[in-house]
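**Student:** What follows is a single structure, and I will ask about it in a moment.
Right under this line is the structure:
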């Protein structure tokens with residue numbers, strides 16, 4: 336008869352803290368005691384405690400804020416539609432919401448890069464640089480739109496109109512998107528945009544939005560601190 340493996344200590348820590356949260360000893364939005372106090376209370380090392388805390392954070396039960404401590408959310412990770420549904424990407428990448436801070440437009444002649452990626456020759460291209468503010472800090476998005484897709488916006492080519500078009504109208508005229516994820520080191524340019532990471536890395540999510548005939552409508556590049564990223568994909572059977 337096979338022997339049952341002993342439960343790892345950090346799993347016991349997880350279960351003990353979960354019980355304390357569920358019974359209201361540590362209520363929602365409260366701050367947990369310090370690592371030193373918790374480790375002593377539970378009779379484990381601080382390393383074991385951190386492993387248990389990390390599991391709780393993975394399940395959405397607490398939030399560990401660097402330099403501030405651990406805070407109870409008590410909600411768990413909800414099962415919601417995520418990146419599998421086409422639409423505004425930034426809010427789906429994190430557990431926070433963002434507000435637009437600034438939007439800069441630059442209408443310029445197309446170049447070889449545009450012709451290569453959009454597979455068409457077009458006279459003009461629109462660059463859009465947007466800065467967003469979230470609860471934890473800032474995120475940055477660079478967008479390129481080429482071809483006749485944005486010509487319907489004339490003569491109302493304003494920052495507010497373009498932002499609304501990118502967030503809503505663009506997806507109404509598209510049929511699919513392709514997302515690519517990368518982790519990059521911080522750069523001086525990104526720091527100038529207000530992006531800082533405790534790990535000195537940023538997440539780059541490149542979204543290509545395609546129209547009904549397969550033509551590329553727009554390219555979005557979202558930059559945000561890598562420690563913020565937490566996305567969901569709701570997988571379903573069948574096609």
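In this note's numbering, the protein residues as written are 336 to 574.
Note that the Cβ used here is the ideal one computed from N, Cα and C, for glycine as well.
Considering only residues of the same chain and omitting the five flanking positions on each side of residue 339, which have a CB-CB separation below 8 Å?
**Tutor:** Per-residue confidence for residue 339 stands at a pLDDT of 46, beneath the threshold of 50, marking its modelled position as unreliable; the derived number appears in the next sentence. If we look at residue 339 and ignore the five residues flanking it on each side, it has no Cβ neighbours.
**Student:** DSSP on residue 521, reduced to helix/strand/coil?
**Tutor:** The answer is coil: DSSP assigns residue 521 none of H, G, I, E or B.
**Student:** Sort 370, 376, 389 by Cα distance to residue 346 and report the nearest one.
**Tutor:** Checked all of 370, 376, 389; the closest Cα to residue 346 is 389.
**Student:** Measuring straight from C-alpha to C-alpha, what distance separates residue 426 and residue 433?
**Tutor:** Those two C-alpha atoms are separated by around 7 Å.
**Student:** Could you tell me the distance, in whole angstroms, from the CA atom of residue 342 to the CA atom of residue 535?
**Tutor:** So the two alpha carbons sit approximately 35 Å from each other.
**Student:** With H, G and I counted as helix, E and B as strand and the rest as coil, what does DSSP make of residue 474?
**Tutor:** The answer is strand: DSSP assigns residue 474 an E or B state.
**Student:** When the distance is taken between beta carbons, is residue 508 closer than 9 Å to residue 455?
**Tutor:** Cβ distance not < 9 Å, so residue 455 and residue 508 don't count as in contact.
**Student:** Shortest alpha-carbon distance to residue 452 belongs to which of 549, 557, 531?
**Tutor:** Of 549, 557, 531, the residue nearest in Cα terms is 549.
**Student:** Taking the beta carbon of residue 420 as the centre, do at least 16 other beta carbons fall within 10 Å, making it buried, or is it exposed?
**Tutor:** Label assigned to residue 420: exposed.
**Student:** With DSSP as the reference, identify every bridge partner of residue 515, one or two as the case may be.
**Tutor:** Note: residue 515 sits in a beta bridge opposite 541.
**Student:** Just confirm the distance between the C-beta atoms of residue 438 and residue 494, as a whole number of angstroms; I'd bet it's less than 8 Å.
**Tutor:** Their Cβ separation, rounded to whole angstroms, is 4 Å, which keeps residue 438 and residue 494 in contact under 8 Å.
**Student:** Between the beta-carbon of residue 349 and the beta-carbon of residue 404, is there less than 9 Å?
**Tutor:** No; because the gap between Cβ atoms is not below 9 Å, this pair is not in contact.
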